[in-house]
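Single-structure report; data block below.
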Amino acid sequence: MGSTKLILVLFCLLLIISSSSAAHKKKMQARKPCKRLVFYFHDIIYNGKNAKNATSAIVSAPAWGNRTLLAGKSHFGDVVVFDDPITLDNNLHSTPIGRAQGFYLYDKKETFTAWLGFSFVFNSTAHKGSINFAGADPLMNKTRDISVIGGTGDFFMARGIATLMTDAFEGEVYFRLCVDIKLYECW
Amino acid sequence: MGSTKLILVLFCLLLIISSSSAAHKKKMQARKPCKRLVFYFHDIIYNGKNAKNATSAIVSAPAWGNRTLLAGKSHFGDVVVFDDPITLDNNLHSTPIGRAQGFYLYDKKETFTAWLGFSFVFNSTAHKGSINFAGADPLMNKTRDISVIGGTGDFFMARGIATLMTDAFEGEVYFRLCVDIKLYECW
Amino acid sequence: MGSTKLILVLFCLLLIISSSSAAHKKKMQARKPCKRLVFYFHDIIYNGKNAKNATSAIVSAPAWGNRTLLAGKSHFGDVVVFDDPITLDNNLHSTPIGRAQGFYLYDKKETFTAWLGFSFVFNSTAHKGSINFAGADPLMNKTRDISVIGGTGDFFMARGIATLMTDAFEGEVYFRLCVDIKLYECW
Numbered sequence: 001m002g003s004t005k006l007i008l009v010l011f012c013l014l015l016i017i018s019s020s021s022a023a024h025k026k027k028m029q030a031r032k033p034c035k036r037l038v039f040y041f042h043d044i045i046y047n048g049k050n051a052k053n054a055t056s057a058i059v060s061a062p063a064w065g066n067r068t069l070l071a072g073k074s075h076f077g078d079v080v081v082f083d084d085p086i087t088l089d090n091n092l093h094s095t096p097i098g099r100a101q102g103f104y105l106y107d108k109k110e111t112f113t114a115w116l117g118f119s120f121v122f123n124s125t126a127h128k129g130s131i132n133f134a135g136a137d138p139l140m141n142k143t144r145d146i147s148v149i150g151g152t153g154d155f156f157m158a159r160g161i162a163t164l165m166t167d168a169f170e171g172e173v174y175f176r177l178c179v180d181i182k183l184y185e186c187w
Numbered sequence: 001m002g003s004t005k006l007i008l009v010l011f012c013l014l015l016i017i018s019s020s021s022a023a024h025k026k027k028m029q030a031r032k033p034c035k036r037l038v039f040y041f042h043d044i045i046y047n048g049k050n051a052k053n054a055t056s057a058i059v060s061a062p063a064w065g066n067r068t069l070l071a072g073k074s075h076f077g078d079v080v081v082f083d084d085p086i087t088l089d090n091n092l093h094s095t096p097i098g099r100a101q102g103f104y105l106y107d108k109k110e111t112f113t114a115w116l117g118f119s120f121v122f123n124s125t126a127h128k129g130s131i132n133f134a135g136a137d138p139l140m141n142k143t144r145d146i147s148v149i150g151g152t153g154d155f156f157m158a159r160g161i162a163t164l165m166t167d168a169f170e171g172e173v174y175f176r177l178c179v180d181i182k183l184y185e186c187w
Numbered sequence: 001m002g003s004t005k006l007i008l009v010l011f012c013l014l015l016i017i018s019s020s021s022a023a024h025k026k027k028m029q030a031r032k033p034c035k036r037l038v039f040y041f042h043d044i045i046y047n048g049k050n051a052k053n054a055t056s057a058i059v060s061a062p063a064w065g066n067r068t069l070l071a072g073k074s075h076f077g078d079v080v081v082f083d084d085p086i087t088l089d090n091n092l093h094s095t096p097i098g099r100a101q102g103f104y105l106y107d108k109k110e111t112f113t114a115w116l117g118f119s120f121v122f123n124s125t126a127h128k129g130s131i132n133f134a135g136a137d138p139l140m141n142k143t144r145d146i147s148v149i150g151g152t153g154d155f156f157m158a159r160g161i162a163t164l165m166t167d168a169f170e171g172e173v174y175f176r177l178c179v180d181i182k183l184y185e186c187w
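Chains as they are written, first to last, in UniProt numbering: chain A, 1 to 187; chain B, 1 to 187; chain C, 1 to 187.
Right, dumping it as structure tokens:
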């Protein structure tokens, strides 16, 4: 990893750390992760015109929605299936080191919140295996915690917390997340 | 919490306890939860006419269904996204202390069973953080157990069992669940 | 279980074991499951003509798909809800000992991969309770590992790994999976 990339990852970490409350930080000091990983992943939603580049698609919508445009009422009821590239830095065009695969759904009418069920799937020399995630993502918050509910291969039986941060978004088509994975159970 | 509310919560607990089998109770005595919480949550399904009050919406349906009426064949294949208020007592109009957010799907043609993936999201002085749930809900049974698969904030790394009980329902639009959350791993 | 059935289960186990890498096997020896279970389950997707026999149905599809035929682009975006019989041997017509209930979704355009969220639900003298699963299923691989994220009843608080193997498929309507469940946390 070049020094520029290292700086980008540190930047993501710093943003996440600086936005934690003091009380939370205090508690976390006593809970040192047994493994820590920082990645970016990139989501490009299919909008009827970007079939080639899209990495995700709306597959369910409420009665007032459709499948090529996120619905009104804060996208409430839209379900999106995704196969997003995972990269070490924030560049969409960097060589992916794995795929983020699963779904998210928007679940509030008044603001943007989501619920996520997905896996990070790795098959490289660096990492083999998968990490499974689930949890609520109130995506207007700077950082959000979801659960690592299990893992396979190199991440056999993992449990922990993943802190998500929206690193960038463009319109309602592209967004990029930074993920700080902290495992507290390692086998 | 006033004495009337206390009685309602106790009533929910009593119903749940009295319907456990003796064998199950015996086993459970040896497994004392490290944390226990009892809540109600309230689901009002969008039916095309109740946009203002609805807290959930059908977003997927089988080929024989639609998105404003639960489908025939025991609603098999309907997927519902929800953002339901959580209350301390069984009154829909009590001040919510959090939100139950996620989805359920009906998964049997011959009778009513569901599969749930959701979170309790809290952001009050009493509780901050989230509890993540997944599991099968054979909802014609008086009580049903699902898994607590993780938690964040005050519920960091939680695992346990949540016992669901249908406390009330009106037609196919409103239903109210009582949830008895028992955590057996607390950090 | 008759000797023919025993041979079939052993056959499934042998296939799974023989396809593990030597390195993986070595690691696994140090991690002996506290409980191990092998089952088959059977999925028959509704295609508009098999309402009587179907055990599952497409409930969501991308903009380019529909609900009676798995979509193009490797079924990307199709969501299937299922209630599949679980059997001890590979015979669809054997007496089911439980039901596999939940959903899977196809999440890659270039090849067949899925994400699963489901439960095994048992209510017999042999097993009472449920096992909850989640994880990525790259179904072109001979074997795939997903996570056991929790359990109830006889499987109270279970955690572990389930190895899936496609045992047979016919067109895009019927497929049969062999599942080797290894629990590493038993209560």
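Just so it is clear, CB atoms sit at the ideal spot from N, CA and C, and this is done for glycine as well.
Owing to the predicted nature of the structure, the values given are computational and were not obtained by experimental measurement.
Bounding residues of the beta strand (DSSP E) (the contiguous stretch that carries K35 of chain B): As a first step, residue 35 of chain B must be located in the second sequence, where it is residue number 35. It spans K35 to I44 - the beta strand (DSSP E) in which K35 of chain B sits, taken as one unbroken run.
Beta carbon proximity, R144 of chain A to chain C, threshold 8 Å: Indexing the first sequence from 1 puts residue 144 of chain A at position 144. So, not an interface residue.
Distance cut-off 7 Å: Y40 of chain B Cβ against heavy atoms of the ligand MN: For the structure depicted, the ligand MN is absent and the ligand set is empty, with no information on it obtainable.
S130 of chain A at chain C interface by Cβ criterion, 8 Å: Reading the first sequence from its first residue, position 130 is the one you call residue 130 of chain A. Interface residue, yes.
Reference D180 of chain B, options B:S124, B:T163 and B:F169, closest by Cα: Residue 180 of chain B sits at position 180 when you count from the first residue of the second sequence. That would be B:T163, whose Cα lies nearest to the Cα of D180 of chain B.
Residue-level contact to chain B via CB, L105 of chain A, 8 Å cutoff: Taking the first sequence and counting its residues from 1, one reaches residue 105 of chain A at position 105. Judged by the 8 Å Cβ criterion, L105 of chain A is in contact with chain B.
Contact with chain A by K26 of chain C, beta-carbon distance below 8 Å: Residue 26 of chain C sits at position 26 when you count from the first residue of the third sequence. Residue confidence for K26 of chain C is low, a pLDDT of 45 falling below 50, so the modelled location carries little weight; the figure read from the coordinates is stated next. So, not an interface residue.
Within chain D, partners of F120 of chain A - CB distance below 7 Å: Although the question refers to chain D, the structure presented lacks it and instead comprises the protein chains A, B and C.
With 16 other Cβ atoms within 10 Å as the buried cut-off, status of residue 264 of chain A: Outside the displayed range of chain A (1 to 187) lies residue 264 of chain A, so it cannot be described from this structure.
Own chain, CB closer than 8 Å to S124 of chain C, minus 5 neighbours either side, in chain order: Reading the third sequence from its first residue, position 124 is the one you call residue 124 of chain C. Shown here for S124 of chain C: same chain residues with a beta carbon closer than 8 Å to its own, the five before and five after excluded, namely I97 and G98 in chain order.
Integer Cβ distance of A61 of chain B from D83 of chain B, believed to fall under 8 Å: By one-based count along the second sequence, residue 61 of chain B stands at place 61. By one-based count along the second sequence, residue 83 of chain B stands at place 83. So it is not a contact: roughly 20 Å between Cβ atoms.
Integer-rounded CB distance, given that D107 of chain C should sit under 8 Å from Y40 of chain C: To locate residue 40 of chain C, count along the third sequence from 1; it is residue 40. To locate residue 107 of chain C, count along the third sequence from 1; it is residue 107. About 24 Å separates the CB atoms of Y40 of chain C and D107 of chain C; that is not less than 8 Å, and the two are not in contact.
Proximal residues of chain C, C-beta to C-beta of Y184 of chain B below 8 Å: Position 184 of the second sequence holds residue 184 of chain B. Chain C residues near Y184 of chain B: M157 and W187.
Chain-ordered neighbours of Y46 of chain B on chain A, where CB pairs are closer than 8 Å: Taking the second sequence and counting its residues from 1, the one referred to as residue 46 of chain B is at position 46. Near Y46 of chain B (Cβ distances below 8 Å), the residues of chain A are P62 and A63.
Buried versus exposed call for F122 of chain C [16 or more other C-beta atoms within 10 Å across all chains shown]: As a first step, residue 122 of chain C is located in the third sequence; it is residue number 122 there, counting from the start. That one is buried.
DSSP state of I161 of chain C mapped onto helix, strand, coil: For this step, residue 161 of chain C is matched to residue 161 along the third sequence. DSSP places I161 of chain C in strand when its eight states are reduced to three.
Three-state secondary structure (DSSP) of P138 of chain C: Locating residue 138 of chain C in the third sequence gives position 138, counting from the first residue. Note: P138 of chain C maps to coil in three-state DSSP.
At least three beta-carbon pairs within less than 8 Å, the stretch 165-180 of chain C to the stretch 148-167 of chain A: no
is_contact[K35 of chain B, chain C] using C-beta, thresh 8 Å: For the purposes of this step, residue 35 of chain B is identified with residue 35 of the second sequence, where counting begins at 1. It does not: the Cβ of K35 of chain B has no partner Cβ on chain C nearer than 8 Å.
Pair within 8 Å by beta-carbon distance, G117 of chain A and G129 of chain A: Your numbering for residue 117 of chain A matches position 117 in the first sequence. Your numbering for residue 129 of chain A matches position 129 in the first sequence. It is not a contact, given that the beta carbons lie outside the stated cut-off.
Through-space distance from V80 of chain B to H75 of chain A, alpha-carbon basis: On the first sequence, position 75 is the one that residue 75 of chain A refers to. On the second sequence, position 80 is the one that residue 80 of chain B refers to. Straight through space, the alpha carbons of V80 of chain B and H75 of chain A are spaced by roughly 14 Å.
Residue burial classification, N66 of chain A (beta-carbon count within 10 angstroms, cutoff 16): In the first sequence, counting from the first residue as 1, residue 66 of chain A sits at position 66. With a threshold of 16 other beta carbon atoms within 10 Å, N66 of chain A falls short and is exposed.
E172 of chain C versus P33 of chain A - alpha carbon distance: Reading the third sequence from its first residue, position 172 is the one you call residue 172 of chain C. Reading the first sequence from its first residue, position 33 is the one you call residue 33 of chain A. Going by the C-alpha atoms only, they are around 44 Å apart.
Closest residue to W187 of chain B among B:T152, B:R176 and B:I161 (Cα-Cα distance): What you label residue 187 of chain B is simply residue 187 of the second sequence in a count that begins at 1. Comparing Cα positions, the closest option is B:T152.
Assumed close pair I58 of chain A, I45 of chain A - CB separation to whole angstroms, cut-off 8 Å: By one-based count along the first sequence, residue 58 of chain A stands at place 58. By one-based count along the first sequence, residue 45 of chain A stands at place 45. That pair is a contact at about 7 Å.
Collapsed DSSP secondary structure at V59 of chain B in the structure displayed: In the second sequence, residue 59 of chain B corresponds to position 59, counting from 1. Correct three-state label for V59 of chain B: strand.
Straight-line Cα distance separating S94 of chain C from T55 of chain C: For the purposes of this step, residue 55 of chain C is identified with residue 55 of the third sequence, where counting begins at 1. For the purposes of this step, residue 94 of chain C is identified with residue 94 of the third sequence, where counting begins at 1. Computed Cα separation, rounded: 15 Å.
9 Å Cβ cut-off: residues of chain B touching D87 of chain C: Taking the first residue of the third sequence as position 1, residue 87 of chain C is located at position 87. The question names Asp, but residue 87 of chain C in the sequence shown is Thr. By Cβ distance, chain B contributes nothing, its closest Cβ being about 17 Å from T87 of chain C, past 9 Å.
Option in A:D154, A:L139 and A:K142 with minimal Cα separation from L183 of chain A: Within the first sequence, numbered from 1, the residue matching residue 183 of chain A stands at position 183. Selected option, being the one with the closest Cα: A:D154.
Cβ-based burial, A158 of chain A [other Cβ within 10 Å; buried from 16]: As a first step, residue 158 of chain A must be located in the first sequence, where it is residue number 158. Buried: at least 16 other Cβ atoms inside 10 Å.
Beta-carbon contacts of A114 of chain B that lie in its chain and below 7 Å, excluding the five residues immediately before and after: By 1-based counting over the second sequence, the position of residue 114 of chain B is 114. Taken in chain order, the residues that qualify are Y104, L105, Y106, D107, D137 and L139.
Closest by C-alpha distance to T111 of chain B, when choosing among B:A71, B:C178 and B:N50: In the second sequence, residue 111 of chain B corresponds to position 111, counting from 1. Checked all of B:A71, B:C178 and B:N50; the closest Cα to T111 of chain B is B:A71.
Proximity test, Cβ basis, 8 Å: F82 of chain A and chain C: For the purposes of this step, residue 82 of chain A is taken as the residue at position 82 of the first sequence. It does: the Cβ of F82 of chain A has a partner Cβ on chain C nearer than 8 Å.
N- and C-terminal bounds of the beta strand (DSSP E) containing C178 of chain A: The residue labelled residue 178 of chain A in the question sits at position 178 within the first sequence. Element bounds for C178 of chain A: Y174 to E185.
Separation of S119 of chain A from A51 of chain A, as counted between CA atoms: The sequence position of residue 51 of chain A within the first sequence is 51, counting from 1. The sequence position of residue 119 of chain A within the first sequence is 119, counting from 1. Rounded to whole angstroms, A51 of chain A to S119 of chain A spans 23 Å at the Cα level.
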